[in-house]
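Sequential numbering of the sequence shown, starting at 4, is according to this note's numbering.
Ideal Cβ placement from N, Cα and C applies to all residues, glycine included.
Small disclaimer: the values here were computed from a predicted structure and weren't measured.
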Amino acid sequence: NKKLMSGMEFLYIINPLTFKTYEEYIKKAATYQGPVLQKPSNLPKGYKLAKAEIEYLKSKEFEAEVKKEAAIEGQGKLLYAKKYDWKVPGKFKLEYVNGKKKFLLDMLTIDPKTAKKQTGYVYEPPIEKVKKRVLKLLIVYCLGG
């Protein structure tokens, strides 16, 4: 129903796996292929894990596959749900807090096709990241509103 979807034909949401303890997180993270974000050995005193997350690897191929499957299997349904298991994570996130102070660690897996285009380390100033996030939020708001 395009009216319910704000004019969009298809919308998919995949929530990250969220963990409250480091032990739960590392147990699940160890089941994936590739490197895993570890607790820093020199974490400042007083910081406690607030949240740990693991997200899937985002790719245009996966999105196309999900859209195709939803069009066939979900035809005529208002909601179509399916569990996906992935082998390579897209992002690990560890968030530590000490009162109002936060210490955030992110590790991203780059889609192999994107990785081939980029060579070496590319530094992006924090202000540029903020600008991109604000732009994305505005775009999402405009499309969804």
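- Run the CB neighbour count on Gly93, radius 10 Å, all protein chains shown included, and call it buried at 16 or more, exposed below. Position 90 of the sequence shown holds residue 93. Within a 10 Å sphere around the beta-carbon of Gly93 sit 16 or more other beta-carbons, which makes this residue buried.
- Item | Pick from Asn101, Tyr83 and Lys80 that is closest to Pro47, judged by C-alpha positions | Position 44 of the sequence shown, counted from the start, is the residue given in the question as residue 47. Nearest of Asn101, Tyr83 and Lys80 to Pro47, Cα basis: Asn101.
- Query: Using a beta-carbon distance below 7 Å, is Lys96 in contact with chain D?
  - Reply: Protein chain content of the structure displayed is limited to a single chain, and chain D is not contained in it.
- Item | Neighbourhood of Ala32 by C-beta distance below 8 Å, restricted to the same chain and skipping five residues each side | Residue 32 sits at position 29 when you count from the first residue of the sequence shown. Excluding positions up to five away in sequence, the list reads Val39, Leu40, Ile57, Pro92 and Phe95.
- Query: Quick one: is Thr112 buried, meaning 16 or more other Cβ sit within 10 Å of its Cβ, or exposed?
  - Reply: Looking up residue 112 in the sequence shown gives position 109. Looking at its Cβ environment, which holds 16 or more other Cβ atoms inside 10 Å, Thr112 is buried.
- Message: Just to confirm the assignment, what range does the alpha helix (DSSP H) spanning Ala73 have?
- Response: For the purposes of this step, residue 73 is identified with residue 70 of the sequence shown, where counting begins at 1. Element bounds for Ala73: Lys63 to Glu76.
- Those residues which DSSP pairs with Asp109 across a bridge: By 1-based counting over the sequence shown, the position of residue 109 is 106. In DSSP, Asp109 forms a bridge with Lys96.
- Item | Residues near Lys104 by beta carbon distance below 7 Å, same chain, minus five either side | Counting from one through the sequence shown, the residue named residue 104 turns up at place 101. Once the five neighbours on either side are set aside, Lys104 has no close Cβ partner at all.
- Could you check what DSSP says for Tyr50 in three-state terms: helix, strand or coil? In the sequence shown, residue 50 corresponds to position 47, counting from 1. Note: Tyr50 maps to coil in three-state DSSP.
- Task: Assign Lys99 to buried or exposed, taking buried as 16 or more other Cβ atoms, counted over all protein chains shown, within 10 Å of its Cβ.
- Result: The sequence position of residue 99 within the sequence shown is 96, counting from 1. For the record, residue 99 in the displayed sequence is Tyr; it is not Lys. Buried.
- Span separating the alpha-carbon of Lys90 from that of Glu64: Position 87 of the sequence shown, counted from the start, is the residue given in the question as residue 90. Position 61 of the sequence shown, counted from the start, is the residue given in the question as residue 64. Lys90 and Glu64: Cα-Cα distance of roughly 15 Å.
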